[in-house]
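Written out below as structure tokens is the structure these notes cover.
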Amino acid sequence: MNRKTNLLLAVALTVAAVAGRAGYAHAMMQTDTSAELRATGQVGEQANGYLGIVESAPSEIRARVNAVNIRRRAAYTELAGKRRVQIEEVAATMACELLATSVAPGQYYRLADGEWRQRQGNAPVRRPAYCI
Amino acid sequence: MKDAKVNEVRLDRTRMGKALPLAGMLLLPMLTGCVKVSAPDRPIEINLNINIKQEVVVRLTEDVRELRQKEPGVF
């Protein structure tokens, strides 16, 4: 390695670091997006407590759904540990809440039968029998 | 000849000694950023059929409401 290669390496690393930071900031800015994602009509709430892709969606939307779901799972896992219950139980309870309050008219949701349903006007969203 | 090689190795080491911490300093913030951004290749897919008793839902409802308040945007 001569001095020139060292310099080149340093420049390359700096560029990579800056690019990584920019990507990170971009991702952080896009984290508060559940409502936004549901509003696209390409994303819906599911009985399992996670967002789902309704039919198909561009990779940008899929990536954001994934990011939200990862944060959801982390939150469910933490609460499940605290209350000594299954992660799925926390997630399902959250789904009951989200289905009751966060699916706007025209938006989509999916229950255990696997069918995506669109909320019609102000009609209440169907929920699993165990929801209170 | 042997001596020359040894010297070369030493030279390389001193250069690496300078380059490595510098690379580390530049890479570290990038790596921590990557850890938070990286998503698995496959989306989280979990069975939609959930086996849960209503009493558990009753017990957890207040907790999940708090969780929602705490993390707006995620839910």
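Order-wise, the sequence lines are chains W and B.
Under this note's numbering, the final residue of the first sequence carries the number 132; numbering is consecutive throughout.
Under this note's numbering, the final residue of the second sequence carries the number 207; numbering is consecutive throughout.
Idealized CB from N, CA, C, for every residue including glycine.
Since this is a predicted model, take the numbers as computed values, not measurements.
Per-residue DSSP class, three states only, for residue i
i, result
"residue 237 of chain B", "No answer is possible for residue 237 of chain B: it lies beyond the span of chain B, which begins at 133 and ends at 207."
"residue 225 of chain B", "Given a span of 133 to 207 for chain B in the structure shown, any question on residue 225 of chain B remains unanswerable."
"residue 115 of chain W", "coil"
"residue 186 of chain B", "helix"
"residue 196 of chain B", "helix"
"residue 43 of chain W", "strand"
"residue 31 of chain W", "Because the pLDDT of residue 31 of chain W is 46, which lies under 50, any placement of that residue in the model is unreliable, and the number read from its coordinates should be weighed accordingly. In this structure, residue 31 of chain W counts as coil in the three-state DSSP scheme."
Cα-Cα separation, residue i to residue j
i, j, result
"residue 70 of chain W", "residue 121 of chain W", "31 angstroms"
"residue 43 of chain W", "residue 114 of chain W", "14 angstroms"
"residue 34 of chain W", "residue 82 of chain W", "25 angstroms"
"residue 189 of chain B", "residue 87 of chain W", "12 angstroms"
"residue 125 of chain W", "residue 89 of chain W", "20 angstroms"
"residue 45 of chain W", "residue 187 of chain B", "23 angstroms"
"residue 79 of chain W", "residue 132 of chain W", "19 angstroms"
"residue 93 of chain W", "residue 67 of chain W", "21 angstroms"
"residue 116 of chain W", "residue 52 of chain W", "10 angstroms"
"residue 205 of chain B", "residue 106 of chain W", "20 angstroms"
"residue 130 of chain W", "residue 95 of chain W", "11 angstroms"
"residue 184 of chain B", "residue 195 of chain B", "16 angstroms"
"residue 72 of chain W", "residue 207 of chain B", "7 angstroms"
"residue 199 of chain B", "residue 54 of chain W", "25 angstroms"
"residue 99 of chain W", "residue 110 of chain W", "9 angstroms"
Enclosing alpha helix (DSSP H) for residue i [first to last residue]
i, result
"residue 51 of chain W", "From DSSP, residue 51 of chain W is part of no alpha helix (DSSP H) but of the beta strand (DSSP E) over 51–53."
"residue 56 of chain W", "Residue 56 of chain W -> no alpha helix (DSSP H), and no H or E assigned at all."
beta-carbon residue i near the ligand SAM non-hydrogen atom, thresh 8 angstroms
i, result
"residue 93 of chain W", "Within the structure as shown, the ligand SAM is missing, as the structure has no ligands at all."
At a CB distance below 9 angstroms, what residues from the segment 183–197 of chain B approach chain W? Give them in sequence order. For the segment 183–197 of chain B, the residues whose beta carbon sits under 9 angstroms from a beta carbon of chain W are, in order, 183, 184, 185, 186, 188, 189, 190, 191, 192, 193, 195, 196 and 197.
What alpha helix (DSSP H) runs, 4 residues minimum, are completely inside the segment 68–109 of chain W? Listed in chain order, they are 87–101.
Please name the residues in the segment 34–54 of chain W whose beta-carbon is closer than 7 angstroms to at least one beta-carbon of chain B, in chain order. Listed by position, the residues of the segment 34–54 of chain W near chain B (Cβ gap below 7 angstroms) are 34, 46, 47, 48 and 50.
Cβ-based contacts, 7 angstroms cut-off: residues of the segment 73–93 of chain W near chain B: Using a CB distance below 7 angstroms, the part of the segment 73–93 of chain W facing chain B consists of 73, 75, 79, 83, 85, 88, 89, 90, 92 and 93, ordered along the chain.
When you check each C-beta in the segment 111–128 of chain W against every C-beta of chain B, which residues fall closer than 9 angstroms? Result list: 111, 112, 113, 114 and 128.
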